[in-house]
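Contents: one structure, followed by commentary.
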Amino acid sequence: MAQLKTHPPDLKATPLNSIDFRHPPAYDPPVRLPQHVQEPIQIKTSTLINDGNLHASRVVTWDLGHPDQAEILNDTLLIETGNHPDIVHISKHHSGQLRVSVNGRSYWLKPSDTQDGPPPLLHIKTQGGNDRVRIDSDVRLAVKVEAGDGHDHVQAGGGATWLFGGAGNDTLRLADGTGYAEGNDGDDLITGGTGSHVMYGNNGNDRLYAGAGTCGKQSYLDGGQGNDHLYAGNGHTVIHGGRGDDVLVGHDRTTFYTGLGNDRVFSNGGENLIYGKAGDTVYGARRSTVSQVTPSTAGAQGLAVEGSDAFRQRVADDLELLRNSPSGQAMLMAMDAAARKNGGPVTIKEELHIDDSQYVFDSEELRAWMQHSPVDTDDPIEGAIKNGVPGSSATQAYIRFNRTSLHITPGNVAPPLTMLYHELAHAYNGANGTFLPGFMLEGHPGESPRYVANNERQAVGLETDAPPFDFDNDPDTPATSTNPKPFTENTLHEEMGRPLRRRYS
């Protein structure tokens, strides 16, 4: 993105209020300080315009943890309006420039590929008020919209999109790009377009519609708290009612998790998967597979959550699904047992800076060791198995979880919950000192193979070349070279009827 200016584009004229968008100060790497006095992640912000109608800035997130040079993690154009009702429209001009219209005044944005690093993100924050945000379908830029408090209407464009409502009854409409939406507080309406997407109603009596699309479309709908109506769409849909008396309606291929409350399921005759409880009412399930699950409070001892109110609410919704999932219950019960054994829970922390999630092994023993000695790869002090003997246990481990991150591979869009489950598989191994050592080559025709840690493959549920290990300490069951069920990401994919992950990289 090169320039932001406030008059219609005229390539022959000198732009008024022109701002050089290619080299703002945010692109100058932060000054390096010793690591013990500086966090490795640093954010630099440059104001581009602030005219009382629009505040625009460039926000660049830097990673200073690399020994050779600083690296740009995220590159964002942040557009903020005032704390009153606003009308925002993003459209594309035939010249290739984008028009950002805010309350009738236009600002022009010229895309540019001159900067190294990740593709830029357009981040729109409309603050309070009953706002209306519309992004035209031919705008393919990745966009994040935080509508704030008020009864807001947001229409996504053609690129990857993240939409967030606030307190108020919001309408959020995704489109043909990959999408993610959270209604948050209020009685919200969220609709999906033709792209694969993930939707959370959160608090309130919400209506979520997966919408039309191809047979390869994938949707994930979670009602959260309240009495919600959730409707599956084309392709494959996972529906979780959450807490409350919900109505869940299937279409094409649907996997239902009813959750707590007196729920009604309309399977509509498909070969669906239904995970329900006593007291639910199920219609049209003749061809479906119905599994009864007794809801529980599993995970209350084994997991703690730190972060913003919205983050804690989202994680609570995910854990609620796992408590109504056969595999999820077993995973959470194992986390509870590990907390009793190791003296404390695994903490799930909010990740805001990188588009990924990560498990971090930690213990007092490890910290004391690192005061005087380095830690080698596959060291037992970090939980690795050595010569058939489990390593040390993580007693202060944590997971950095990006709740909006979608794992996208050809033909598959995995919801954030499956990534959290992957990290919980790591937490299971860390709590018991059962990380498989070593690396394996992964590759496909036409690609350069790369080495992948066996502890990543075991969390997915893929075979490794590590010596087999008896994970359950039961001589009647065979030792394996990957995690047993249910302690693998693919266990949850299989339960949901989703495609299995065939490789880690």
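For the sequence shown, counting from 1, position 146 maps to 146 in UniProt numbering; every step adds exactly one. The C-beta atom is built at its ideal place from N, Cα and C for all residues, glycine as well. These numbers come from a predicted model, not from an experiment.
- Of the candidates G343, L273, L417, N432, L417 places its Cα closest to the Cα of H197.
- Within the same chain, and ignoring the five residues on either side of V139 in sequence, the residues whose Cβ sits closer than 8 angstroms to its Cβ are I90, S91, K92, L98, G157, G158, G159.
- Counting along the chain, the unbroken alpha helix (DSSP H) around V315 starts and ends at 309-323.
- Around the Cβ of K341, a 10 Å sphere holds fewer than 16 other Cβ atoms; the residue is exposed.
- 8 angstroms or more divides the Cβ of F435 from the Cβ of A397.
- In the DSSP assignment, M199 forms a beta bridge with A181, L221.
- Using a Cβ-Cβ distance cut-off of 8 angstroms, the stretch 323-342 and the stretch 293-300 are in contact, since at least three pairs of beta carbons, one from each stretch, lie closer than that value.
- Taking all protein chains shown into account, G411 has fewer than 16 neighbouring C-beta atoms within 10 Å of its C-beta and is therefore exposed.
- When C-alpha distances from R173 are compared across D149, G150, V145, the shortest belongs to V145.
- Under the DSSP assignment, V100 falls in the beta strand (DSSP E) whose first and last residues are 98-102.
- Secondary structure within the stretch 122-158: not one fully enclosed alpha helix (DSSP H) run of 4 or more consecutive residues is present.
- Per the DSSP secondary-structure output, E306 pairs in a beta bridge with K349.
- Rounded to the nearest whole angstrom, the CA to CA distance from I135 to Q155 is 6 angstroms.
- The beta carbon of E423 lies closer than 6 angstroms to those of S357, Y359, I399 in the same chain, with the five residues before and after it left out.
- If you compare the alpha carbons of H372, D86, T237 with that of L208, the shortest gap goes to T237.
- Assignment of beta-bridge partners to E80 by DSSP yields H55, K125.
- The bridge partners DSSP lists for W62 are Q42, I72.
- Put simply, the backbone Cα of N130 is about 26 angstroms away from that of T47.
- Between G211 and the set T289, Y220, G204, the nearest pair of CA atoms involves Y220.
- Taking G276 as reference, the option from G270, V293, S288 with the minimal CA-CA separation is V293.
- Counting C-beta pairs closer than 8 angstroms gives fewer than three between the stretch 372-392 and the stretch 176-193, which falls short of the contact rule.
- The distance from the Cβ of G235 to that of K217 is about 3 angstroms, consistent with a contact at the 8 angstroms cut-off.
- Separation of H84 and G270 (C-alpha to C-alpha, rounded to the nearest whole angstrom) is 47 angstroms.
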